[in-house]
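To start, the structure under review is shown below, and the notes come after it.
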Amino acid sequence: MLKPHPVDADAALFRSTCRRFAEAEIAPHAVAWEEAESFPRSLYGQAAALGILGAGFPEHVGGAGEDVLLPLMAIEGLLHGGSTGVVMGLNSHGIALPHILKLGTPEQQARFVPPVLRGERIAALAITEPGTGSDVAGIRTRARRDGDHYVLDGAKLFITSGVRADQVTVLARTSDDPHRGLTFFVVERDMPGFQVSRALHKTGWRASDTAELAFDGVRVPTSHRIGAEGSGFFALMQGFQGERLALAFTGHATAEIALNDALAWARERHAFGRPVAKFQVTRHKLADMATRVRAARALSYEVALAARAGQVDVAAVSMAKNFAAEVAVSVCHDAVQILGGMGYMRETRVERLSRDARLLPIGGGTTEVMNEIIARTQFGL
Ligand SMILES: Cc1cc2nc3c(=O)[nH]c(=O)nc-3n(C[C@H](O)[C@H](O)[C@H](O)COP(=O)(O)OP(=O)(O)OC[C@H]3O[C@@H](n4cnc5c(N)ncnc54)[C@H](O)[C@@H]3O)c2cc1C
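First residue of the sequence shown? That's 35 in this note's numbering, and the numbers climb one at a time after it.
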């Protein structure tokens with residue numbers, strides 16, 4: 035069994051609290067929730083009560099303190115529930131709230147953040163559109179000023195928790211300047227003209243809901259504009275660093291769990307009179323999987339611990355995200371192979387994780403886009 039990466043006592047305690055919660059409250063239901071493409075809303079309240087939703091958020095809005103490592107420990111622990119969809123659904127506030135905390139007034143922070151950290155409201159972030167994903171400067175959702183309101187028109191696609199979110203942090207265009215023309219707004223579920231046009235059906239992350247959203251003349255009060263007009267793009271680029279680090283941890287943790295499941299299976303399963311683990315080809319595969327997991331984990335932790343100390347290395351964040359995503363996909367692929375037919379059955383965690391892993395090189399910035407960032411920031415190319 036590959037042991038978890040060593041961390042300080044507080045972080046280790048929080049990680050095991052999250053793991054115990056996931057094993058008790060998520061794992062027994064993972065198959066059913068994946069089939070239902072949803073999980074009970076009450077899980078947000080349960081996670082909030084353990085401080086999971088507030089991990090990494092400042093205390094003045096009801097968080098547990100601004101330690102970069104704690105939400106990452108939550109991801110490592112929660113993935114033991116065997117459903118990346120539940121983890122991503124529970125954590126959609128992790129990408130939706132930072133922009134409000136960075137750019138919002140104290141009144142906006144007090145209004146939009148604490149109820150989410152208490153598990154009473156669900157928050158989502160809406161950047162991607164039907165016509166543009168990687169190219170954020172291509173956003174076409176418009177916000178036109180009209181007195182003390184803005185009028186929003188447009189559409190957003192692939193929005194995690196979008197089907198049942200109570201509030202959505204939306205990036206919209208307030209002027210034609212590709213980068214300086216983008217501004218954040220908080221759109222609330224009951225605002226006329228805002229609707230969920232489609233619930234989307236996915237390969238993996240199935241227990242999280244994913245939406246296409248429509249904005250048809252939605253009147254949003256100016257009190258819901260987050261930051262000055264034009265401040266959205268640069269805040270988003272900073273916010274991406276946290277999201278990508280979270281996806282790096284999702285990647286190495288997914289691979290670590292798949293490796294441990296494959297190892298346990300290979301010890302128990304017999305073929306030709308011996309445990310499958312005793313075939314050299316299996317032993318070597320497991321050794322190689324463990325090497326890849328430890329390398330990905332080491333890079334993820336290096337970047338996380340630097341960020342915890344206040345040093346965010348943009349190139350290294352993208353490297354960690356890319357490498358962990360690739361390791362998650364390849365280790366899950368090998369784990370399915372070791373489990374044989376059982377690795378293809380919905381009832382096994384390895385099967386679910388292998389589908390979940392495929393999103394990691396796409397979501398939060400694709401591998402190709404990460405490589406563009408690495409080449410530019412590392413080498414000036
Ligand atoms: C399950 C799921 C959940 C998601 N959750 C959210 C969410 O909560 N909120 C949100 O806003 N978005 C969300 N997304 C969207 C996600 O961030 C985008 O899918 C992702 O950024 C890629 O954008 P795209 O799908 O439009 O692909 P595109 O940008 O159209 O890219 C298509 C292909 O072109 C390549 N490409 C693009 N630009 C370049 C370039 N410059 N150089 C080389 N290759 C390039 C890409 O790498 C990719 O291979 C989610 C997506 C999924 C699938």
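All residues carry an ideal CB built from backbone N, CA and C; glycine is no exception.
CB-CB under 7 Å to residue i, same chain, minus the five flanking residues each way: which ones, in chain order?
i             : result
glycine 85    : Ala98
leucine 164   : The amino acid at residue 164 is misidentified as leucine; the sequence shows proline. Closer than 7 Å at Cβ, skipping near neighbours: Ala189 and Leu191.
histidine 127 : Leu87, Val150 and Ala157
On a CA-only basis, which of the options is nearest residue i? Give me that one, please.
i              : options                           : result
threonine 401  : Val102, Ala282 and Phe268         : Ala282
glutamine 412  : Met376, His367, Val365 and Val348 : Val348
histidine 258  : Leu124, Gln143, Gly96 and Ala45   : Gln143
alanine 350    : Ala332, Gly88 and Val230          : Ala332
glycine 138    : Asp368, Phe48 and Phe219          : Phe219
glycine 90     : Leu106, Ile173, Ala359 and Asn294 : Leu106
glutamate 263  : Ala329, Gln314, Asp210 and Pro309 : Asp210
valine 254     : Ile291, Ala289, Glu57 and Val204  : Val204
arginine 207   : Leu186, Gly96 and Ala359          : Leu186
lysine 236     : Ile193, Gly273 and Ala269         : Ile193
alanine 324    : Val361, Lys312 and Ala343         : Val361
isoleucine 291 : Pro309, Val363 and Pro148         : Val363
glycine 167    : Ile396, Ala409, Leu415 and Asn405 : Ile396
How many angstroms separate the CA atom of residue i from the CA atom of residue j?
i                : j             : result
glutamate 71     : alanine 64    : 10 Å
serine 265       : arginine 145  : 20 Å
phenylalanine 55 : arginine 75   : 16 Å
arginine 49      : glutamate 110 : 7 Å
proline 38       : glutamate 246 : 37 Å
proline 92       : histidine 286 : 27 Å
glutamate 100    : alanine 58    : 27 Å
glutamine 229    : glycine 251   : 11 Å
Sorted by chain position, which residues of the same chain lie with C-beta nearer than 6 Å to residue i's C-beta, five sequence neighbours on each side aside?
i              : result
isoleucine 407 : Ser352
tryptophan 67  : Phe73 and Ala241
glutamate 277  : Ile129 and Gly398
isoleucine 161 : Leu205
alanine 61     : Gly115 and Gly116
serine 334     : Ala282, Phe283, His286, Ala354 and Ala358
alanine 269    : His133, Lys136 and Leu137
asparagine 356 : Thr401 and Met404
I need the boundaries of the alpha helix (DSSP H) containing residue i, first residue and last residue.
i           : result
tyrosine 78 : 76 to 83
proline 149 : 148 to 151
proline 255 : Per DSSP, proline 255 belongs to no alpha helix (DSSP H); it is in the beta strand (DSSP E), 244 to 255.
valine 361  : 348 to 373
leucine 279 : 266 to 302
Name the two residues that bound the continuous beta strand (DSSP E) containing residue i.
i            : result
arginine 176 : 176 to 180
glycine 188  : 183 to 194
arginine 214 : From DSSP, arginine 214 is part of no beta strand (DSSP E); its letter is neither H nor E.
leucine 339  : No beta strand (DSSP E) contains leucine 339, which is instead part of the alpha helix (DSSP H) from 314 to 342.
Residues in its own chain within less than 8 Å of residue i by CB, not counting five upstream and five downstream?
i           : result
leucine 104 : Ala45, Phe48, Ala89, Gly90 and Ala98
valine 273  : The displayed chain sequence assigns glycine, not valine, to residue 273. So the list reads Ile129, Pro132, His133 and Lys136, once near-sequence residues are dropped.
Legend entry - Stretch-stretch touch, CB-based, cutoff 8 Å, three pairs: the region 149 to 162 with the region 189 to 205: yes
Inset, instruction - Inspect the CB distances between the region 224 to 239 and the region 170 to 184 and report whether three or more fall short of 8 Å. - result: no
Inset, instruction - Assess, as a yes-or-no matter, whether the region 386 to 394 is touched by the region 117 to 125 under the definition of 3 or more beta carbon pairs within less than 8 Å. - result: yes
Inset, instruction - Spell out a yes or no on whether the region 299 to 310 and the region 371 to 386 are touching, meaning 3 or more CB-CB pairs, one atom from each, closer than 8 Å. - result: yes
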